[in-house]
């Protein structure tokens, strides 16, 4: 028997999936942000999720009370029980339903300024629910179920239960207003939204989140978090996700954020800064193909209408990285009224190099985009820096130094965001910059300056060369963030 008084309210979110001997399925969810427990019933015929919000039927004071109600106080009635940390998604496909849960998490960023933890999914599990549906499944439906269950989730996805982390920190939007470009389980979370429980399925991002302490003995210690959000507009493996697609998304586009802050005790302001850059493939229509197994390089081809969607892509960047208030920029940045998008192209462009055709088209595309008059305040600049040729000619150290020389001026123009978090909103009355608040955060953020524009790195596949340039570019800014 489950004794409701013997189990304390869990600090972390708890999910229990119970399948009874009658084949009935219940999803018992106790959120860390609520004091009660919700029970979601799976319709055995249609697979639809059912929830009425009635206390004593599908709302209970504790997880134990909910489990007692479901099993009538007996574990014998349970055919199987799965314990999990979060619900990641749910889908009905033909005669089966699939529930995705996270069974093990790691705390990647333990405490953001203003609160909130970022968790990485370490282990996940698909729970297959066979529906009482007499219709036979076609080969297409069986294939869809198999492919969905084979999605690579573990170690590559993260979420925050209490804060919006789909936008640069600090986000002015609440958790329930994410940027859909970076939400990877939007379709899988819809069944929970439809029954009025949007918070019971987390907002899942793909990418990377980690946090480290820094600072020597006798110094004020700090924290640095690196967050990489992968766009879902055009994902794919090497050679398959290149350039633009019909969503005006570029292959393997990732937004990276370097967040630095000094932790303080309650009641004290928390100084922080954030630097954003992007990486991806060249934003025109193009592709690459390996002709045979012995080819060293892929054959590159460019579409007949290569700039279709490029304008929409740059407009999207301009909206995201144009600072919303000039008040917060006065302490560091000159108010030019423009939003600079700096494209750092690391491709080979020497004579006879296969990538040179992309470099030429990239130059043409940016000239064309800037000439359209449709970018508003956004201005695109291209920096060509042949990484491989420079390494071969000058060595790695001088190559990195050369990159820093190219990046110095645009980095100073773009800047980075900087401010303080106050846990009491009245303290924000004396703020001389922009104030960012939302209902998910106690207090708010006083911004001294806000990053205006973004630097975007690319090579052919957004891999090795882009990794190196991203690291060395962010390293210089990190030094400034710590000063």
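In UniProt numbering, the protein residues as written are 1 to 483.
Cβ coordinates follow ideal geometry from the N, Cα and C atoms, glycine included.
With contacts defined as CB atoms closer than 7 Å, residue 165 and residue 222 fail to qualify as a contacting pair.
No Cβ-Cβ contact shorter than 7 Å links residue 274 with residue 78.
The Cβ neighbour count for residue 55, taken over all protein chains shown within 10 Å, is under 16; the residue is labelled exposed. By the C-beta density criterion, residue 255 is buried, having at least 16 other C-beta atoms within 10 angstroms. Within the stretch 179-220, the complete beta strand (DSSP E) runs of at least 3 residues fall at 205-214.
Non-local beta-carbon contacts of residue 92 in its own chain, meaning distances under 6 Å to residues more than five positions away in sequence, involve 47 in chain order.
Where residue 230 is concerned, the enclosing beta strand (DSSP E) starts and stops at 222-230. Nearest in C-alpha terms to residue 370, of all of 362, 379, 363, is 379. Residue 446 carries a strand assignment under DSSP once its states are collapsed to helix, strand and coil. Note on residue 267: under 16 other CB atoms within 10 angstroms of its CB, so exposed under the neighbour-count rule. Inside the stretch 137-176, DSSP marks whole alpha helix (DSSP H) runs of 4 or more residues at positions 139-149, from first to last along the chain.
Sequence-distant Cβ neighbours of residue 36 in its own chain, meaning closer than 7 Å and more than five residues away, are 59, 60, 61.
In the three-state scheme derived from DSSP, where H, G and I count as helix and E and B as strand, residue 52 is classed as coil. With the rule of 3 Cβ pairs closer than 8 Å, the stretch 353-373 counts as touching the stretch 296-310. The alpha carbon of residue 83 has as its nearest neighbour, out of 410, 29, 140, the alpha carbon of 29. With respect to residue 342, residue 450 sits apart: the two C-beta atoms are not nearer than 7 Å.
By the criterion of a C-beta distance shorter than 6 Å, residue 259 is surrounded in its chain by 169, 225, 274, once the five residues flanking it on both sides are discounted. Using a Cβ distance threshold of 7 Å, residue 158 and residue 209 count as a contacting pair. Under the DSSP assignment, residue 437 falls outside any alpha helix (DSSP H); it carries neither an H nor an E label.
Put simply, the backbone Cα of residue 405 is about 14 Å away from that of residue 387. DSSP, reduced to helix, strand and coil, places residue 394 within a helical segment of the structure shown. In this structure, DSSP gives residue 441 a state outside helix and strand, which the three-state scheme calls coil.
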